[in-house]
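Taken in sequence, the protein lines are chains A and B. The numbering used here puts the first residue of the first sequence at 91, with every later residue one more than the last. The numbering used here puts the first residue of the second sequence at 18, with every later residue one more than the last. One structure is given below, encoded as structure tokens.
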Amino acid sequence: DQQVKQNSPSLSVQEGRISILNCDYTNSMFDYFLWYKKYPAEGPTFLISISSIKDKNEDGRFTVFLNKSAKHLSLHIVPSQPGDSAVYFCAASAIPGGGNKLTFGTGTQLKVEL
Amino acid sequence: KAGVTQTPRYLIKTRGQQVTLSCSPISGHRSVSWYQQTPGQGLQFLFEYFSETQRNKGNFPGRFSGRQFSNSRSEMNVSTLELGDSALYLCASSSYAGMNTEAFFGQGTRLTVV
């Protein structure tokens, strides 16, 4: 049962344009969401997070949007840069009051082309 | 400050053997979680330790176990290795136990079972 889904296994965008990565979830108990970037043979690198009490969070070129009613979140990268090429994972947490157990999506391979 | 350190980076073991992986969290972080990444299953949660106690556990067989020491360092053990245990094992540390926080990952240990 895949509780966090990233339906696009890959995405290709041009340098300077916007990259939009999508994530859907099914567990209504999820209350905290994170995006990670991962290069091959390395651990995921934390990018940005959002609590379920918010619908938007920004950090530099990265913005995460959360639509709780649709159980959908998205990561916007503007402008996209070649160094952004990596696999992006959406993750969710459902342990109120403590605990760190992340449920990950299957990832989206982003390729930013010159 | 130093990041999450995992040792060893690479390991080759034979079926039936056991293996111990080590993780040193970011200084001051008390929560350590372990994840398994495989091409077929993606990133899956194994277990989480906080203050030397296992706080959360994923759906893995009892061959997978772990522990945490008083200095927050953690070890993961897999007994009676199977070919399907070949994976990238990732450790993540988090700073605060009372609410959702970002998890920071190490580089991982690549385990190959032959």
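Using N, Cα and C, we set each Cβ at its ideal position, and we do this for glycine too.
What residues match up with residue i in a beta bridge as DSSP calls it?
| i | result |
| --- | --- |
| Gln-71 (chain B) | B:Tyr-66 |
| Ile-43 (chain B) | Paired residues: none, contrary to the question. |
| Lys-30 (chain B) | B:Val-130 |
| Phe-152 (chain A) | A:Asp-149 and A:Ile-167 |
| Tyr-126 (chain A) | A:Phe-136 and A:Phe-179 |
Using a C-beta to C-beta distance shorter than 7 Å, which residues of chain A count as neighbours of residue i?
| i | result |
| --- | --- |
| Leu-28 (chain B) | Under the 7 Å cutoff, chain A gives no residues; its nearest Cβ is about 14 Å from Leu-28 (chain B). |
| Gly-123 (chain B) | Gly-133 |
Just to make sure I have the definition right: I need the residues of chain B whose C-beta is within less than 8 Å of the C-beta of residue i. Which are they?
| i | result |
| --- | --- |
| Lys-191 (chain A) | Ser-50, Phe-62, Glu-65, Asn-73 and Gly-75 |
So residue i contacts chain B; which residues on that side make the cut at Cβ distance below 7 Å?
| i | result |
| --- | --- |
| Thr-198 (chain A) | Result: empty, since nearest Cβ-Cβ is about 12 Å, beyond 7 Å. |
| Phe-194 (chain A) | Gly-59 and Leu-60 |
Near residue i, which residues of its chain fall below 7 Å by C-beta distance, leaving aside the five closest residues on each side in sequence?
| i | result |
| --- | --- |
| Ser-68 (chain B) | Arg-47 |
| Val-168 (chain A) | Ile-108 and Arg-151 |
| Gln-61 (chain B) | Tyr-52, Gln-53 and Gly-75 |
Taking residue i as the query, report the chain B residues whose CB atoms sit under 9 Å from its CB, ordered along the chain.
| i | result |
| --- | --- |
| Phe-179 (chain A) | Gly-59 and Leu-60 |
Spell out whether any CB of chain B is found under 9 Å from the CB atom of residue i.
| i | result |
| --- | --- |
| Gly-106 (chain A) | no |
Between residue i and chain A, is there a C-beta pair that is closer than 9 Å?
| i | result |
| --- | --- |
| Leu-107 (chain B) | yes |
| Ser-41 (chain B) | no |
| Thr-31 (chain B) | no |
| Thr-24 (chain B) | no |
| Ala-104 (chain B) | no |
| Thr-118 (chain B) | yes |
| Ser-44 (chain B) | no |
| Ser-96 (chain B) | no |
| Val-21 (chain B) | yes |
Determine the chain A residues that contact residue i at a beta-carbon separation under 8 Å, and present them in chain order.
| i | result |
| --- | --- |
| Ser-68 (chain B) | Neighbours of Ser-68 (chain B) on chain A: none; closest Cβ ~11 Å, over 8 Å. |
| Arg-127 (chain B) | Ala-131 |
Whose C-beta lies closer than 6 Å to the C-beta of residue i among residues of the same chain, with five residues either side of it excluded?
| i | result |
| --- | --- |
| Lys-127 (chain A) | Thr-135, Leu-137, Ala-176 and Tyr-178 |
| Thr-153 (chain A) | His-166 |
| Leu-101 (chain A) | Thr-198 and Leu-200 |
Residues in its own chain within less than 8 Å of residue i by CB, not counting five upstream and five downstream?
| i | result |
| --- | --- |
| Ile-43 (chain B) | Lys-18, Ala-19, Gly-20, Val-21, Ser-110, Ser-112 and Phe-121 |
Q. Listed in chain order, which residues of the stretch 123 to 157 of chain A have Cβ atoms closer than 8 Å to some Cβ of chain B?
A. Leu-124, Tyr-126, Ala-131, Glu-132, Gly-133, Pro-134, Thr-135, Phe-136, Ser-139 and Ser-141
Q | Near-chain A residues of the stretch 79 to 92 of chain B (beta-carbon distance less than 9 Å), N- to C-terminal order | A | none
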